[in-house]
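Novice:
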Amino acid sequence: MVYRNYLITINSNLFNALESVVEKHNKHLDKTDKNRISMDKAVFLIHYIDYKKSQVRENSQSTFVRISSQTLNSFLKKELKKYKAFLVKHEFIKTIPYCKISNLAIGYKVLHIRATQKEDKDTYDVYEFLNKEYETFLFKEIDKIESKKKKAADKNTKHLTKWLNGDEIQIDWKKALHFIDKGSFNDEKKSQYSSSVNKIRFNHWHYSRTTNDNRLHSNLTNMKEELRAFITHREENLVSLDIETSQPYLLAGILNLLKNKSVSKLDFILGGIRSKDVRDKFHSLMNSISYEPIYITGIELYIKFIRQTDFYLYVNEKLCDDFKKKITDESNKGFYIKKTYCTKRSKQIVESVKARKYCKSLTLEYMYCSLENYSEGIKEIKRIYPEPVNKFIYGFKYCKEIEIPRKKRKLPDKRKIKKAKKLFPKFLQQVESFIILDVITKELSRKYPKMFMATIHDSVIVTKKHEVEVKDYLKNRLSEIFDLSPKIKSEDWTPHFFYITVYIFCIEKTNTWSLMGE
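Residue numbers (the working numbering): 576 to 1093.
1) Within its chain, find whatever has a CB closer than 7 Å to the CB of Thr-670; leave out the 5 residues flanking it on each side and keep chain order.
2) Report all residues from its chain with a CB closer than 8 Å to the CB of Gly-873; omit the five preceding and five following residues, and keep chain order.
3) Taking the alpha-carbon of Glu-763 as reference, which of Asn-586, Ser-783, Glu-951 and Arg-958 has the nearest alpha-carbon?
4) Under DSSP, the alpha helix (DSSP H) around Ser-945 begins and ends at which residues?
5) Under 8 Å between the Cβ atoms of Tyr-889 and Thr-938?
6) For Glu-940, decide whether its Cβ has a neighbour in chain D, counting only Cβ atoms nearer than 8 Å.
7) Locate the alpha helix (DSSP H) running through Asp-842, then write down its first and last residues.
8) Considering only residues of the same chain and omitting the five flanking positions on each side of Val-1037, which have a CB-CB separation below 6 Å?
9) Would you mind reading off the limits of the alpha helix (DSSP H) that contains Tyr-866?
10) Take Tyr-973 and list the residues in its own chain whose beta-carbon comes closer than 8 Å to its own, dropping the five residues that flank it on each side.
11) Are Lys-840 and Ile-1056 closer than 8 Å when you measure CB to CB?
12) Could you name the residues that DSSP lists as bridge partners for Asn-1105?
13) Tell me whether Tyr-658 counts as near the ligand NAP, meaning its Cβ is closer than 7 Å to at least one heavy atom of that ligand.
14) Looking only at its chain, what residues have a beta carbon closer than 6 Å to the beta carbon of Asp-1067, apart from the 5 residues adjacent to it on each side?
15) Return the CA-CA distance between Lys-1039 and Ile-746, expressed in angstroms with no decimal places.
16) Should Ile-878 and Leu-802 be called a contact, given that it needs their Cβ atoms to be closer than 8 Å?
17) Any idea what DSSP makes of His-808, helix, strand or coil?
18) Alpha carbons only, please: which of Lys-606, Asn-787, Ile-583 and Lys-799 is nearest the one belonging to Phe-704?
19) Using DSSP with H/G/I as helix, E/B as strand and the rest coil, what is Glu-1066?
20) With distances taken from CA atoms, which of Ile-1031, Met-1026, Gly-970 and Lys-609 is nearest Ser-1098?
21) Less than 8 Å between the CB atoms is what I'm expecting for Asp-1094 and Tyr-709, so what's the real figure, rounded?
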């Protein structure tokens, strides 16, 4: 069997429809005509949109993924405009325009074609390029970009990236694909999830680390949580060690150091923040914090909540009865109705979620939202939070342009407000990344040089046999850094459902696999 450096897969129904439309379009065009459509480029654009969508976090409200036109033009040999117009016209993709305020690239979405009732299953083709010269060019371009990202990530996290390859990580792809097929996922999700499985199956690993959040992103961070159960390290089961309520804990840790005037520890953390804007804002807040008794009491109260409770359950207890009544799912005890208005979809998303999950979502929304979010849920969180904590969060997101009446704001004002809003979540993410990636896992790699280790943001993944010592080290080291003991939760990466036998058409024989199981 030949393993590909870059695997391109496409839904069989979508491929057949595309092939028919392209043939019809090209029927009366000469081979040298500039208006001809290349199947290679059309298939690649569809595949790449799906691929980039699979890298977007699972809870993203948008069905569109923003992709740089410069990047796409480099892959399509400066013919993006032609292929985008063709695929939109024939309803294979949809787009949303460039956003001036946030300086966001054009958004793309693949319109997946459902399997018919007769077929009753989704199949995916491994695409064979018609033009081998273009295939070689394309993969060189992709390798160039991927290599640049990997080189940057290797610079500071080689102790983790050295494990991100097919020799160290394997996936039970048959069971994983069967799980996807039997799950209640839409066509878009099935395509994304099966693609992420096959990336690992065929040893196509990607990873990167950017200054935006300073996190290490890889196949593991982009994979749906349930699919991690099928991943092993050299046939050894894995376990993830997570900081419970990690974002509230990190905030409490920082506030604890500020309260105690732990200058050396604060300077240590400040030195690990890569974004200058975030670093400057934090330094400014460090110098302006009040040490009045009422302020310190409020901070101590918040720290007490983190230390002694499951913070999200505490939030649930403190929600006022009237608000709870409005959000309670009457048909599902212990569940709340979560409503999210997605501006990019121009519609409201409604789902029933457990109380703790709802309160986690509400807490994180408060940390990430604009200062001009006046929703009832955000008002509730502000009421529950001690006032000094609210002031600290406000100070991080504040900029003078927010004082300008909305109707009088110009584009530069809007951009500054948008940028300021992102500083607080970036601060928490960069603190987390520095502590986990640059401090704790580096120390662990020196202590246990032969121990497999990976990360998913605030989680450290190791083999089951190393669970106890790593869990203890993680807890003790975080306690030393923040003078605040965390709660560490273990989660086994093993399937929690019965063994299944699945028959799948082998890719090496037919170039097609079926998600249908027996």
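Ideal placement from N, C-alpha and C gives every residue a C-beta, glycine not left out.
Specialist: This is what the structure holds:
1) Lys-659, Val-663, Ile-681, Gly-682 and Tyr-683
2) Pro-961, Glu-962, Pro-963 and Val-964
3) Asn-586
4) Looking at the DSSP string, Ser-945 is not in any alpha helix (DSSP H), and its letter there is neither H nor E.
5) no
6) Any reference to chain D falls outside this structure, which holds one protein chain only.
7) 838-846
8) Met-1028 and Val-1045
9) It is not in any alpha helix (DSSP H) - Tyr-866 carries neither H nor E in the DSSP assignment.
10) Leu-946 and Ala-995
11) yes
12) Because the chain in this structure spans residues 576 to 1093, residue 1105 falls outside the shown range and cannot be described.
13) Looking for the ligand NAP in the displayed structure turns up nothing, as the structure carries no ligands at all.
14) Val-814
15) 16 Å
16) no
17) strand
18) Ile-583
19) strand
20) Since the first and last residues shown for the chain are 576 and 1093, residue 1098 lies out of range.
21) For the chain, the structure presents residues 576 to 1093; residue 1094 sits outside this window and is missing.
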